[in-house]
Amino acid sequence: MNMNNDSDQFDVAIIGGGIVGLAHAWRAATRGNRVLLLERTQVAEGASVRNFGMVWPVGQPAGELYEIALQSRDLWLQLGDQGVTQVEACGSLHLAHHQDELEVLNEFCQQQSHQVRMVTPAEISKQSPLANPSGLLGGMFSPTELRVDPRTASHSIANWLAERHNVQLCFNSSVTSVADGQVTTADGRQWGVDRVIICSGSDLQTLYPDDFASSGLKLCKLQMLRTGPQPGIDEKTPHIASGLTLRHYTSFESCHSQPSLRERIARDSPLLDHYGIHVMASVFPGGEVVLGDSHEYGENISPFDKTEIDDLILCELRKVIQLESWAIEQRWHGVYAKHATLPVFEKQIEPHVHLFVGTGGAGMTMSFGLAEQAWQKWESLNQ
Ligand SMILES: Cc1cc2nc3c(=O)[nH]c(=O)nc-3n(C[C@H](O)[C@H](O)[C@H](O)COP(=O)(O)OP(=O)(O)OC[C@H]3O[C@@H](n4cnc5c(N)ncnc54)[C@H](O)[C@@H]3O)c2cc1C
Numbered sequence: 002m003n004m005n006n007d008s009d010q011f012d013v014a015i016i017g018g019g020i021v022g023l024a025h026a027w028r029a030a031t032r033g034n035r036v037l038l039l040e041r042t043q044v045a046e047g048a049s050v051r052n053f054g055m056v057w058p059v060g061q062p063a064g065e066l067y068e069i070a071l072q073s074r075d076l077w078l079q080l081g082d083q084g085v086t087q088v089e090a091c092g093s094l095h096l097a098h099h100q101d102e103l104e105v106l107n108e109f110c111q112q113q114s115h116q117v118r119m120v121t122p123a124e125i126s127k128q129s130p131l132a133n134p135s136g137l138l139g140g141m142f143s144p145t146e147l148r149v150d151p152r153t154a155s156h157s158i159a160n161w162l163a164e165r166h167n168v169q170l171c172f173n174s175s176v177t178s179v180a181d182g183q184v185t186t187a188d189g190r191q192w193g194v195d196r197v198i199i200c201s202g203s204d205l206q207t208l209y210p211d212d213f214a215s216s217g218l219k220l221c222k223l224q225m226l227r228t229g230p231q232p233g234i235d236e237k238t239p240h241i242a243s244g245l246t247l248r249h250y251t252s253f254e255s256c257h258s259q260p261s262l263r264e265r266i267a268r269d270s271p272l273l274d275h276y277g278i279h280v281m282a283s284v285f286p287g288g289e290v291v292l293g294d295s296h297e298y299g300e301n302i303s304p305f306d307k308t309e310i311d312d313l314i315l316c317e318l319r320k321v322i323q324l325e326s327w328a329i330e331q332r333w334h335g336v337y338a339k340h341a342t343l344p345v346f347e348k349q350i351e352p353h354v355h356l357f358v359g360t361g362g363a364g365m366t367m368s369f370g371l372a373e374q375a376w377q378k379w380e381s382l383n384q
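Numbers given in this note's numbering equal positions in the sequence shown, counted from 1, plus 1.
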C-alpha cells in the first residue's frame, strides 16, 4: 500500500471518467481546486461514449431544467471555441408524419416556452437531406441542439483538463473504498482528499451500494446502430426525431394533445411501447448516421441484444428518414442509471462525500449545467 505524502493530497477526488465526472472535474478545477480524477477503465467506455452525441435542450421541460440545459449548451460551446472537442450547432428537426404529431408540435410551439418554430415539408427538405418527404406533414425546428462526438469527446476533455487545469488523471484505477478522507483503489493506492464526488454511472454496486439500493435509481439499456458514411450528409445536418419522440421527452407533457398521440401508438404499435422505442438520427463527423433507440429497464436487461428491437427501430426510421444505404456497420448497446423524477440523484453521504449519478438519457445535455449548479450550491453553503 502506498503511503501518503504531499503529492497524494487533493482538494477533490472525482470517481468516474464519464461526462458527469468530467463535468465535476472541470467545474471544480475552475474554482482553483486541486482535482484527482479516477477512472476504472483505460479510457472511458460507459454511456458517455455510446450515445448519440446529441446535446438536446428541447427535450427538457420549460423552466429550471431547460435553463440548466441551455447553461450546459453554453459550456459545450466554450469547449468547442477553445478547440477542446468538435461542437456543431446543428439544431434539430422533429418530423410529423401523423396529424396528431403535427398537433402536438403546433401546441408546443404556441406555448413559446422553447426557442422553436414550425416548419413546412418544403423547408424541412431544404434543411435536411435525411428527412423522408414521403407522407411528411410538417415539423418543428429548434436551433438549440448541438452535435458532439461522444467517441472522442470524453477523452479529449480529460486530456484538456489535465493540461489546462492541472487535473490529475488516474485511469485503470478502480476505487474500492472511500473512508475517513481517503480514497483507495483495488491495487491498494491511496490518496487523501477533502471532498469526493462519486460519478460511477451505471455502477451502483461497488461504492455505497445500500444508498444506491434505496435511491430509486433504475438501470436502462438502449440498443443503437450506425450506418456507413452517407454521401451529401455532414455534421451540419440537424438531428432528427420522429413523432414517437413526442411521447419520450418530458418537455411535451405540457401539451394537452399528447395523450391521444400516446393512445394511438399504444393501440397500433404496442411493441414500440413494450421496448420503449422512439427513433432519432444523428450524423457523426464522417457522415455516418447513428440510429436508435430502445429502453429496457431493470430485470428486463439482458447482456444479449435483440434483433427484434433493431428491426423495429429500422422499420420506424425508414418512415421518417431516407438514406442512400441502409447497411448497418455497427451495433451496440449502452446502459445508464435513471431516476423516475430527478434529473440526477444527488446525495451527501458524509460531510464531504457526494453521490452524483443517474442523468438518464440526458447526461450529455445536462451534466455541465448540473455540475455547475452543484458547485454553486456547495460554495454558497460554504461546504
Ligand atoms: C445509447 C445511449 C444514447 C444516449 N444518447 C444521449 C444523447 O444523445 N444525449 C444525451 O444528453 N444523453 C444521452 N445519453 C445519456 C448519457 O450518455 C448519460 O446520461 C451519460 O453518459 C452518463 O454519464 P456518466 O458519467 O454518469 O456515466 P458513464 O459514462 O457510464 O461513466 C461512468 C464511469 O465511472 C466509472 N466507474 C464506475 N465505478 C467506478 C469506480 N468504483 N472506480 C473508478 N471508476 C468507476 C466507469 O468505468 C465509467 O467510465 C445516452 C445514453 C445511452 C446509453
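Beta carbons: idealized from backbone N, C-alpha and C, even for Gly.
Everything numeric in this text was worked out from a predicted model, so none of it was measured.
With distances taken from CA atoms, which of the options is nearest residue i?
{"i": "residue 145", "options": "83, 59 and 286", "result": "59"}
{"i": "residue 174", "options": "162, 163, 189 and 165", "result": "189"}
{"i": "residue 129", "options": "242, 342 and 376", "result": "242"}
{"i": "residue 305", "options": "77, 332 and 217", "result": "332"}
{"i": "residue 301", "options": "223, 47 and 63", "result": "223"}
{"i": "residue 42", "options": "63, 64, 53 and 18", "result": "18"}
{"i": "residue 12", "options": "30, 23 and 24", "result": "30"}
{"i": "residue 52", "options": "371, 186, 383 and 363", "result": "363"}
{"i": "residue 172", "options": "181, 186, 165 and 164", "result": "186"}
{"i": "residue 115", "options": "200, 142 and 232", "result": "142"}
{"i": "residue 232", "options": "323, 259 and 28", "result": "323"}
{"i": "residue 181", "options": "293, 122 and 350", "result": "350"}
{"i": "residue 340", "options": "205, 379, 281 and 381", "result": "205"}
{"i": "residue 334", "options": "248, 44, 250 and 292", "result": "292"}
{"i": "residue 184", "options": "380, 375, 381 and 14", "result": "14"}
{"i": "residue 230", "options": "286, 279, 319 and 92", "result": "286"}
{"i": "residue 253", "options": "289, 158, 95 and 326", "result": "95"}
Bridge partners of residue i, per DSSP?
{"i": "residue 139", "result": "97"}
{"i": "residue 10", "result": "193"}
{"i": "residue 357", "result": "347"}
{"i": "residue 334", "result": "224"}
{"i": "residue 293", "result": "225 and 281"}
{"i": "residue 240", "result": "93"}
{"i": "residue 183", "result": "180 and 193"}
{"i": "residue 339", "result": "219 and 360"}
{"i": "residue 248", "result": "For residue 248, which the question treats as bridged, DSSP gives no partner whatsoever."}
{"i": "residue 298", "result": "221"}
{"i": "residue 169", "result": "37"}
{"i": "residue 118", "result": "142"}
{"i": "residue 387", "result": "Any question about residue 387 goes unanswered here, given that the chain covers just 2 to 384."}
{"i": "residue 230", "result": "289"}
{"i": "residue 21", "result": "None; residue 21 has no bridge partner."}
Less than 8 Å between the C-beta atoms of residue i and residue j, yes or no?
{"i": "residue 240", "j": "residue 295", "result": "no"}
{"i": "residue 354", "j": "residue 168", "result": "no"}
{"i": "residue 49", "j": "residue 155", "result": "yes"}
{"i": "residue 387", "j": "residue 16", "result": "Residue 387 is absent from the structure shown; the chain starts at 2 and stops at 384."}
{"i": "residue 192", "j": "residue 37", "result": "yes"}
{"i": "residue 100", "j": "residue 138", "result": "yes"}
{"i": "residue 344", "j": "residue 367", "result": "yes"}
{"i": "residue 313", "j": "residue 273", "result": "yes"}
{"i": "residue 371", "j": "residue 311", "result": "no"}
{"i": "residue 215", "j": "residue 338", "result": "no"}
{"i": "residue 200", "j": "residue 358", "result": "yes"}
{"i": "residue 98", "j": "residue 277", "result": "no"}
{"i": "residue 1", "j": "residue 117", "result": "The chain is shown only over 2 to 384; residue 1 falls outside these bounds and no answer can be derived."}
{"i": "residue 88", "j": "residue 131", "result": "no"}
{"i": "residue 369", "j": "residue 77", "result": "yes"}
{"i": "residue 238", "j": "residue 91", "result": "yes"}
Please determine whether the Cβ atom of residue i lies at a distance below 7 Å from any heavy atom of ligand 1.
{"i": "residue 135", "result": "no"}
{"i": "residue 204", "result": "yes"}
{"i": "residue 21", "result": "yes"}
{"i": "residue 76", "result": "no"}
{"i": "residue 375", "result": "no"}
{"i": "residue 192", "result": "no"}
{"i": "residue 308", "result": "no"}
{"i": "residue 158", "result": "no"}
{"i": "residue 347", "result": "no"}
{"i": "residue 41", "result": "yes"}
{"i": "residue 228", "result": "no"}
{"i": "residue 197", "result": "no"}
{"i": "residue 200", "result": "yes"}
{"i": "residue 292", "result": "no"}
{"i": "residue 364", "result": "yes"}
{"i": "residue 390", "result": "For the chain, the structure presents residues 2 to 384; residue 390 sits outside this window and is missing."}
{"i": "residue 27", "result": "no"}
{"i": "residue 53", "result": "yes"}
{"i": "residue 47", "result": "yes"}
{"i": "residue 327", "result": "no"}
{"i": "residue 1", "result": "What is shown of the chain runs 2 to 384, which leaves residue 1 out entirely."}
Under 7 Å: does the beta carbon of residue i sit that close to some heavy atom of ligand 3?
{"i": "residue 90", "result": "Among the ligands in the structure shown, ligand 3 does not appear; only ligand 1 can be found there."}
Using a Cβ cut-off of 8 Å (strictly closer), state whether residue i contacts chain C.
{"i": "residue 139", "result": "Absent here is chain C; the protein component of the structure consists of one chain."}
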